[in-house]
Structures are given as C-alpha cells and as structure tokens.
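Using this note's numbering, you'd call the opening residue of the first sequence number 264 and step up by one each time. Yeah, the Cβ is synthetic: ideal placement off N, Cα and C, and Gly gets one too. Down below is the structure, laid out as structure tokens.
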Amino acid sequence: MKIATFNVNSVKARLQNVLNWFEQANPDVACLQEIKCESKSFPSLEFESLGYYCAVSGQKTYNGVALLSKNKITDVRIGLPGDDSDDQARYIEGVISTKNGAVRVASIYAPNGNPADSQKFPYKLKWMDRLIAHTKTLLTHEEVLVLAGDYNVIPTTDDVWDATVWENDALFKIESRRKLRELLNLGLTDAFRACNAKAHQYTFWDYQAGAWQKDYGIRIDHLLLSPQAADRLKTCVIDKHMRAQDKPSDHVPIWCELQV
DNA sequence: ATGCCGGGCGAAGCCCGA
C-alpha cells in the first residue's frame with residue numbers, strides 16, 4: 264500500500280498539477296494539506312473520477328486538510344481533541360480497510376509558528392502537545408497507523424540547507440524540535456529516515472530568492488509510523504521532480520510503501 | 001531587507017506562509 268502526503272498550497276490553483284501527480288504516482292492513500300477551500304468546494308468529482316473516496320476538513324482561505332483513498336474511509340475524525348476553541352482545519356483522520364487489514368491514516372497540517380515572538384509560536388507548541396496526547400491514545404490500539412503531513416518542524420541540522428540561517432525560526436527552534444522528538448519518542452518511526460541515511464534531502468523550497476535553484480530546502484513533511492506500520496515499511500521516497508514543474512507547490516509529495 | 005514569490009480575497013493591496 265502506497266501512502267503519500269502532499270502540501271498542495273491551494274487545491275484549486277494546483278488542481279491540474281495535483282491530478283497529474285495522482286495519475287503518475289497512483290497512491291492508494293493521499294493526505295493533502297493547505298487545500299485553502301471550504302469542504303463543500305473541494306473538487307471531489309475530479310478525484311472521484313480517478314477512483315478515490317474523499318474525506319475533507321476545509322475552511323475558507325487558509326489551512327484545510329483532506330484524506331483521499333482508493334478504499335473506503337471510515338471512522339473519520341476531524342480536529343484534534345483538547346481545545347474546542349481551535350477552529351483551524353489542520354487534522355483529519357480515518358481508517359482504510361483492505362483485504363489485508365486496516366490502516367489508520369491522519370492528514371496533518373501543523374502550525375507554522377512564525378514570528379517566533381508572537382502568539383503563533385505558543386499556539387504551535389500547544390497544538391503539538393495536543394497531537395502528542397492524541398497519538399498516545401491512538402498507539403494504545405496497536406494498529407498500523409500512519410501520521411502523515413506538513414509538521415512545520417525541521418528535525419535536525421541534516422534536514423536544512425544551512426542550520427545557522429534557520430536557528431531562530433519557529434520551524435527549527437529547539438522548542439519545536441523537542442515537540443517532534445517527544446512525538447517520535449512515543450514509539451513512532453520517521454519513515455524517510457528509516458529508509459534514507461543521506462543528509463540534505465528536502466520536501467520544501469521557498470518560492471523566493473531562487474531557493475529551488477540553489478537547493479536551499481528544508482525537510483518538514485513527514486510520515487510517522489506506529490511500530491505495526493514500521494514493521495511493514497518497504498520504502499519511502501520524496502517526489503522531488505514535482506518542484507521543477509510549472510506552477511509547482513512550494514512543497515513536494517513524499518510517500519511510503521507498506522507491506523499491507 | 002521584517003524583502004524577494006505566490007495564493008486568497010476581491011478587484012488594490014494586504015494577510016499569510018516557511
């Protein structure tokens with residue numbers, strides 16, 4: 264089973280690009296982030312015509328996540344528990360049933376947190392705390408679980424083109440990295456790092472200042488696996504070529520293959 | 001350079017992202 268995550272930076276502005284990628288990559292499950300539209304205006308018909316069921320948590324203008332699957336999606340959860348006042352569409356989770364068993368998959372768009380001296384940074388850290396708490400609950404089920412998405416956290420100095428440039432950025436500040444470590448330390452496996460030791464492999468390149476041309480990237484899109492999922496991990500690949508296309512997202516897809 | 005690019009909104013220029 265091929266499970267992918269892709270921050271599309273507007274599903275409407277990116278529709279043809281994203282549909283082309285679906286046809287080429289042919290994922291069984293895809294997690295989308297930053298769809299930037301309300302659920303009712305998500306282009307479900309276009310994805311359904313490619314053979315996908317859609318579960319969507321959208322909102323106007325910002326954020327928005329979706330879960331697409333060739334198999335039916337059940338037990339859909341929208342939003343993380345722990346703060347009823349949080350109205351940002353950043354989390355959707357569902358169960359995909361196959362002939363060989365069920366997989367629980369979450370599509371995650373963690374807060375950016377910049378500027379780091381604003382209220383956005385504590386919101387980011389608290390949101391990560393809620394993700395950690397919810398993950399603890401999910402792990403008690405001992406399922407094949409994949410938490411996929413844009414975490415907006417650079418794990419280590421190996422995952423950024425120049426750590427000194429990013430040291431005070433919310434994506435790399437030690438508080439943010441500690442939250443990601445705390446999540447991983449629950450027993451999750453970073454699928455990409457389990458398959459690839461090579462440093463400086465990125466999933467995001469800024470639109471500005473020729474970042475793509477200079478390979479000034481960061482690795483912030485991650486597939487985190489429960490032990491039951493990690494045992495089935497075959498490979499994990501970044502679809503870097505997508506960044507070189509016309510009208511690209513600033514993120515590229517990353518996917519893993521599980522023996523399911 | 002607290003910018004540079006690009007999307008949403010809405011019809012100019014600001015907000016936001018990373």
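Sorting Tyr479, Ser439 and Arg495 by C-alpha distance to the C-alpha of Cys458 places Arg495 at the top. A residue is called buried when at least 16 other Cβ atoms come within 10 angstroms of its Cβ; Tyr414 meets this threshold and is buried. Ranked by how close their Cα comes to the Cα of Gly376, the residues Phe435, Ile336, His397 and Ile481 have Phe435 in first place. Of Tyr479, Phe455, His504 and Ala460, the smallest CA-CA separation from Thr498 is found for Phe455.
For the pair of segments examined, the stretch 353 to 362 was found to touch the stretch 327 to 342: the number of CB pairs separated by less than 8 angstroms reaches three. For Leu487 against Leu410, the beta-carbon gap comes to about 4 angstroms, under 8 angstroms, which counts as contact.
When DSSP states are grouped into helix, strand and coil, Tyr316 belongs to the strand group. Nearest Cα to Glu301 within the set Asp291, Ser320, Val407 and Asn283: Ser320. For Val428, the enclosing alpha helix (DSSP H) covers residues Ala426 to Trp429.
Counting along the chain, Gln287 sits inside the alpha helix (DSSP H) bounded by residues Leu278 to Ala288. The Cβ atoms of Leu343 and Phe310 lie no closer than 8 angstroms to each other. Here Ile266 is buried: its Cβ has 16 or more other Cβ atoms, across all protein chains shown, within 10 Å.
Close CB contacts of Leu447 within its chain, under the 6 angstroms cut and outside five residues either way in sequence, are absent. Taken through DSSP and simplified to helix, strand or coil, Leu388 comes out as helix. Following the DSSP letters along the chain, one finds Lys442 inside the alpha helix (DSSP H) bounded by residues Ile437 to Leu447. Judged by DSSP secondary structure, Phe269 falls within the beta strand (DSSP E) whose first and last residues are Lys265 to Asn270. The DSSP-derived three-state label of Ala293 is strand. For secondary structure counted as the beta strand (DSSP E) over 3 or more consecutive residues, the stretch 345 to 396 holds these complete runs in sequence order: 354 to 361 and 364 to 372.
In the DSSP annotation of this structure, the continuous segment of the beta strand (DSSP E) that includes Glu520 starts and ends at Ile517 to Leu521. In the same chain as Tyr479, and ignoring 5 residues on each side of it, the C-beta atoms closer than 6 angstroms to its own belong to Trp424, in chain order.
Judged by DSSP in its simplified three-state form, Cys300 adopts coil rather than helix or strand.
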